[in-house]
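Colleague: Using our numbering, the first residue of the sequence shown is number 2, and each one after it goes up by one.
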Amino acid sequence: MSAHPSIAEFAVAGDCLAVGGVALDRLAERVGSTPFFAYDRQLITSRVAYLRSVLPAAVKLSYAVKANPMPAVVQHLAGLVDALDVASALEMKVALDTPVPPSQVSFAGPGKTTAELTQAVAAGVTIEMESPNEARRLVEIGDRLGIRPRVALRVNPDFQVKGSGMRMGGGPQQFGVDVEEVPALLRSLAETDLDFLGFHVFAGSQNLHADILCEALSKNVALLLRLADACPSPVRYLNLGGGFGIPYFDQDRPLDLSPVGHTLGELVEGAIRPQLPDARVVIELGRYLVGEAGVYVTRIVDRKVSRGRVYLVVDGGLHHQLAASGNFGQVIRRNYPIVIGNRMRDTALESVSVVGCLCTPLDLLGDNVMLPHADVGDLVVIFQAGAYGLTASPTAFLGHPMPAEVLL
Ligand SMILES: *Cc1c(COP(=O)(O)O)cnc(C)c1O
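1) Can you say whether Ile333 is buried or exposed, counting buried as having 16 or more other CB atoms within 10 angstroms of its CB?
2) Since Gln76 is in the beta strand (DSSP E), which residue starts that stretch and which ends it?
3) Note down the Cα distance separating Leu408 from Leu186, rounded to an integer number of angstroms.
4) Return yes when at least one heavy atom of ligand 1 lies under 8 Å from the C-beta of Asp368, else no.
5) Could you check which residue in Leu286, Pro111, Ala217 has the C-alpha nearest to that of Asn134?
6) What separation, rounded to the nearest whole angstrom, lies between the Cα atoms of Asp253 and His210?
7) Please determine whether the Cβ atom of Ser89 lies at a distance below 8 Å from any heavy atom of ligand 1.
8) Among the residues of its own chain, which have a CB less than 7 Å from the CB of Leu411, if the five just before and after it don't count?
9) Is there contact between the segment 199–218 and the segment 293–305, where contact requires at least three CB pairs shorter than 8 Å?
10) Would Val178 be called buried (16 or more neighbouring beta carbons within 10 Å of its own) or exposed?
11) Which ranges would you report for the beta strand (DSSP E) in the segment 87–141 if only whole runs of at least 3 residues count?
12) Can you tell me which of the three DSSP states Gly342 falls into?
13) Along the chain, where does the alpha helix (DSSP H) containing Leu408 start, and where does it finish?
14) Go through its chain and collect everything with a Cβ distance to Leu265's Cβ below 7 Å, but skip five positions before and after it.
15) Helix, strand or coil, according to DSSP, for Val152 in the structure here?
16) From the DSSP secondary-structure annotation, give me the bridge partner or partners of Ile284.
17) Cβ of Lys61 within 8 Å of any heavy atom in ligand 1?
18) To the nearest whole angstrom, what separates the beta carbons of Gly246 and Leu256, a pair I think is in contact under 8 Å?
19) Quick check: the Cα distance between Leu380 and Gln331, rounded to an integer number of angstroms?
20) Report yes if the C-beta of Gly199 is less than 8 Å from at least one heavy atom of ligand 1; otherwise report no.
21) In the DSSP assignment, the beta strand (DSSP E) including Ser305 goes from what residue to what residue?
22) Is it right to say Ala50 is buried, meaning 16 or more other beta carbons lie within 10 angstroms of its own, or is it exposed?
23) Let me know the beta strand (DSSP E) ranges lying completely inside the segment 180–247, each 3 residues or longer, listed in chain order.
24) Flag this pair as touching only if the segment 192–208 and the segment 229–241 have three or more C-beta atom pairs under 8 Å; answer yes or no.
25) Could you check whether the Cβ of Lys67 sits closer than 8 Å to any heavy atom belonging to ligand 2?
26) Go ahead and pull the three-state DSSP assignment for Ala68.
27) To the nearest angstrom, report how far apart Phe160 and Val315 are at their CA atoms.
28) Taking DSSP as the reference, what is the three-state secondary structure of Leu399?
29) Rounded to the nearest angstrom, what separates Thr115 and Ala88 at their Cα positions?
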């Protein structure tokens, strides 16, 4: 059995998995408690370098902070990408604490409060408007502060992108403004004092199919070029979204990025440049940049056998890493890649179930997985924990302590 592609990215030192060059047993001592999340900065750096090598140089790269808002991670990415995308006032604060200029911070998401919008206008970030109501409130805020709000319009396309783990465009949506409503809204914006920069589309998350991503990019560009004709001012910003996925399960194949880079190159040179020479073209990615660079490390607190099945009970669970339990956007529960991090060279495997410490059957981290014989004190590592891990988990559930997070 060949290793899961993401596991292969981490080194093994002696019997231990290593994160950022530090063997896991030593890292656990350094952190001082389990469970914890560990992120490898070199893996993030090389992921961005790989993306840059495949995407056209003219395409700017934005990091969607919601995938992993740990301030140290955001700081690290701030030195690598061109822009940051945030979806709350707290994420905006983390982004504004980095050297990325406010003009290169975008703020998306439905339900932005007037308080959040006011902070965003005062900061000078680009606000991706999701509704006519939001546009009206921004006009009022701009008038009151005497600042021209920098805005773009999030468009809900009139087609759907298949193959996304989570669909966020096409059909009825709480996201963006339906494309057929956009021309009228643009006309009304022309009479306001909003600094209208351009458009944003984001069709969905966790897509592993290059052909579908290419088709979505082409359709989105065609749609936005049509809308550009109705704009009050020359389009200076085109955020084409992203949705690049990572492999979580055995049968998942990594996304083949080269056709995506090729398509983007053709779209930029052949379609966008000729019509919109001033447009800054942005791809916005969360999961793809950080997801594979993180692990969730737990310690076994009990080993028990129930009617022939071996259970490894760990000190963590779905309250820290909901996604690995299968309760975050999955239809059929499947196992995330999992290893005994201090027994990487053991070859005799047994079938076990790894369960968390919460008093609910939902807290299942590995269902009938093949692992080396492990016992109390051993370290269970779950991969693909760098994105939508701690940040997307119900940490208050059952009142256990928060895990540590480290960037190595
Ligand atoms: C969540 C989100 C992203 C990031 O999605 P990934 O699948 O993590 O890359 C990007 N843009 C917007 C608007 C989002 O809501």
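Glycine residues also receive a C-beta, built at the ideal position from the N, C-alpha and C atoms.
Keep in mind the model is a prediction, meaning the values are calculated, not measured.
Modeller: Reading from the atomic positions:
1) What you label residue 333 is simply residue 332 of the sequence shown in a count that begins at 1. So Ile333 ends up on the exposed side.
2) Residue 76 sits at position 75 when you count from the first residue of the sequence shown. Not the beta strand (DSSP E): Gln76 falls in the alpha helix (DSSP H), residues 72–79.
3) Looking up residue 408 in the sequence shown gives position 407. Looking up residue 186 in the sequence shown gives position 185. C-alpha separation (whole angstroms): 44 Å.
4) Your numbering for residue 368 matches position 367 in the sequence shown. Asp368: no, Cβ never under 8 Å from ligand 1.
5) Looking up residue 134 in the sequence shown gives position 133. Ranking Leu286, Pro111, Ala217 by Cα distance to Asn134 puts Pro111 first.
6) On the sequence shown, residue 253 is found 252 positions in, with the first residue counted as 1. On the sequence shown, residue 210 is found 209 positions in, with the first residue counted as 1. His210 has its alpha-carbon roughly 10 Å from the corresponding atom of Asp253.
7) By 1-based counting over the sequence shown, the position of residue 89 is 88. Not so, every heavy atom of ligand 1 lies at least 8 Å from the Cβ.
8) Residue 411 lies beyond the stretch modelled for the chain, which goes from 2 to 409, so this question has no answer here.
9) no
10) Along the sequence shown, one-based indexing puts residue 178 at 177. Buried.
11) 106–108, 127–130
12) In the sequence shown, the residue the question calls residue 342 occupies position 341. Here Gly342 sits in coil by DSSP.
13) Here the question's residue 408 lines up with position 407 in the sequence shown. Here Leu408 belongs to no alpha helix (DSSP H); instead the beta strand (DSSP E) covers 405–408.
14) Numbered from 1 along the sequence shown, position 264 holds the residue referred to as residue 265. Leu56, Pro57, Val60, Leu218.
15) Residue 152 sits at position 151 when you count from the first residue of the sequence shown. Strand at Val152.
16) Locating residue 284 in the sequence shown gives position 283, where the first residue counts as 1. DSSP lists Leu62 as partners of Ile284.
17) Residue numbering aside, residue 61 sits at position 60 when the sequence shown is read from its first letter. Not under cutoff, so the answer is no.
18) The count along the sequence shown starts at 1 and reaches residue 246 at position 245. The count along the sequence shown starts at 1 and reaches residue 256 at position 255. Yes, Gly246 and Leu256 are in contact; Cβ-Cβ is about 6 Å, under 8 Å.
19) Here residue 380 refers to the residue found at position 379 when the sequence shown is read from its first residue. Here residue 331 refers to the residue found at position 330 when the sequence shown is read from its first residue. Rounded to whole angstroms, Leu380 to Gln331 spans 26 Å at the Cα level.
20) Counted from its first residue, the sequence shown places residue 199 at position 198. Not under cutoff, so the answer is no.
21) Taking the sequence shown and counting its residues from 1, one reaches residue 305 at position 304. A quick correction: the sequence has Lys, not Ser, at residue 305. Residues 295–307.
22) As a position in the sequence shown, residue 50 is number 49, starting the count at 1. It is exposed - the Cβ of Ala50 has fewer than 16 other Cβ atoms within 10 Å.
23) 196–201, 205–208, 238–243
24) yes
25) Of the ligands this structure carries, namely ligand 1, none is ligand 2.
26) What you label residue 68 is simply residue 67 of the sequence shown in a count that begins at 1. Three-state result, Ala68: helix.
27) Along the sequence shown, read from residue 1 onward, the residue named residue 160 stands at position 159. Along the sequence shown, read from residue 1 onward, the residue named residue 315 stands at position 314. Taking the straight line joining both Cα atoms gives about 44 Å.
28) Here residue 399 refers to the residue found at position 398 of the sequence shown. Three-state DSSP puts Leu399 in a helix.
29) Your numbering for residue 115 matches position 114 in the sequence shown. Your numbering for residue 88 matches position 87 in the sequence shown. The straight-line gap from Cα to Cα measures roughly 14 Å.
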